[in-house]
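Q:
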Amino acid sequence: MIIDQTDREILSALRKDARLSNKALADRVGLAPSSALQRVRRLQHGGLLKDAHAEIDFAALGFGLQAMVSVRLERHSRQAVEAFHDYVLDLDEVMSVYHVAGATDFLVHVLARDSDHLRDIALEAFTSRAEVAHIETSLIFELRRNWILPERRSGGDGDSEPV
Numbered sequence: 415m416i417i418d419q420t421d422r423e424i425l426s427a428l429r430k431d432a433r434l435s436n437k438a439l440a441d442r443v444g445l446a447p448s449s450a451l452q453r454v455r456r457l458q459h460g461g462l463l464k465d466a467h468a469e470i471d472f473a474a475l476g477f478g479l480q481a482m483v484s485v486r487l488e489r490h491s492r493q494a495v496e497a498f499h500d501y502v503l504d505l506d507e508v509m510s511v512y513h514v515a516g517a518t519d520f521l522v523h524v525l526a527r528d529s530d531h532l533r534d535i536a537l538e539a540f541t542s543r544a545e546v547a548h549i550e551t552s553l554i555f556e557l558r559r560n561w562i563l564p565e566r567r568s569g570g571d572g573d574s575e576p577v
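Following this note's numbering, the numbering of the sequence shown begins with 415 at its first residue and continues without gaps.
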């Protein structure tokens with residue numbers, strides 16, 4: 415799929431605010447609403463735009479703590495990795511799971527009501543599992559997102575680039 419600067423502007427605007435109306439999006443990128451809608455649909459069909467999600471204030475829901483749990487597995491077989499991945503995604507407190515390379519195998523973003531709840535998650539959901547060799551929990555003090563779409567340097571001389 416080839417995208418141009420206008421497509422990049424659409425992606426950037428929607429990354430920052432996926433609730434933008436088509437008219438507001440069109441105004442922001444300098445297109446007619448019908449053209450903006452056509453481009454958004456093309457980006458969706460091309461797999462570049464996947465889903466739109468709401469940003470939730472978890473503290474307002476009673477989850478005052480967030481943490482990243484680094485998990486190292488005992489064994490690294492595909493079956494063990496897949497089983498742990500599936501298990502973790504079924505936990506209510508888990509927001510996201512990253513399967514990573516390095517000293518740990520997974521980074522798991524969790525929500526907790528308080529430090530007692532976080533300890534319970536660590537002990538009951540992670541260290542009680544036979545395949546878990548080690549965990550390390552890091553509290554998240556603050557989360558800030560970069561809404562800017564990164565530039566991809568293709569080395570081309572045109573305004574369009576393959577994706």
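Yeah, the Cβ is synthetic: ideal placement off N, Cα and C, and Gly gets one too.
#1: Count the other CB atoms within 10 Å of the CB of Leu-525; is the residue buried (16 or more) or exposed (fewer)?
#2: Would you call the stretch 539-556 in contact with the stretch 468-486, where contact means no fewer than 3 C-beta pairs closer than 8 Å?
#3: Which value, in whole angstroms, describes the spacing of the CA atoms of Leu-462 and Ile-416?
#4: Thinking just about the alpha-carbon of each residue, which of Asp-519, Ala-438, Ala-544 and Asp-504 is nearest to the one in Val-495?
#5: Between the stretch 521-539 and the stretch 474-484, are three or more C-beta pairs nearer than 8 Å?
#6: My guess is that Leu-479 and Leu-553 are in contact by the Cβ rule of under 8 Å, so how many angstroms apart are they, rounded?
#7: Is the beta carbon of Gln-426 sitting closer than 9 Å to the one on Leu-557?
#8: Whole angstroms is fine: what's the gap from Ala-497's alpha carbon to Val-508's?
#9: Taking the beta carbon of Arg-433 as the centre, do at least 16 other beta carbons fall within 10 Å, making it buried, or is it exposed?
#10: To the nearest angstrom, how far is it from the Cα of Asp-441 to the Cα of Pro-447?
#11: Assuming Arg-527 contacts Phe-477 under a Cβ cut-off of 8 Å, what Cβ separation, rounded to an integer in Å, is found between them?
#12: In whole angstroms, give me the CA-to-CA distance for Arg-492 and His-513.
#13: Quick check on the DSSP output: what are the complete beta strand (DSSP E) runs of length 3 or more inside the stretch 459-533, in order along the chain?
A: Reading off the structure:
#1: buried
#2: yes
#3: About 11 Å.
#4: Asp-519
#5: yes
#6: 7 Å
#7: The identity of residue 426 in the sequence shown is Ser, whereas the question assumes Gln. No, the pair does not count as a contact, with Cβ atoms beyond the cut-off.
#8: Their backbone Cα atoms lie some 15 Å apart in a straight line.
#9: exposed
#10: 8 Å
#11: 6 Å
#12: Approximately 12 Å, taken between the alpha carbons.
#13: Assignment of beta strand (DSSP E) within the stretch 459-533, counting only whole runs of 3 or more residues, yields 479-487, 508-513 and 520-526 in chain order.
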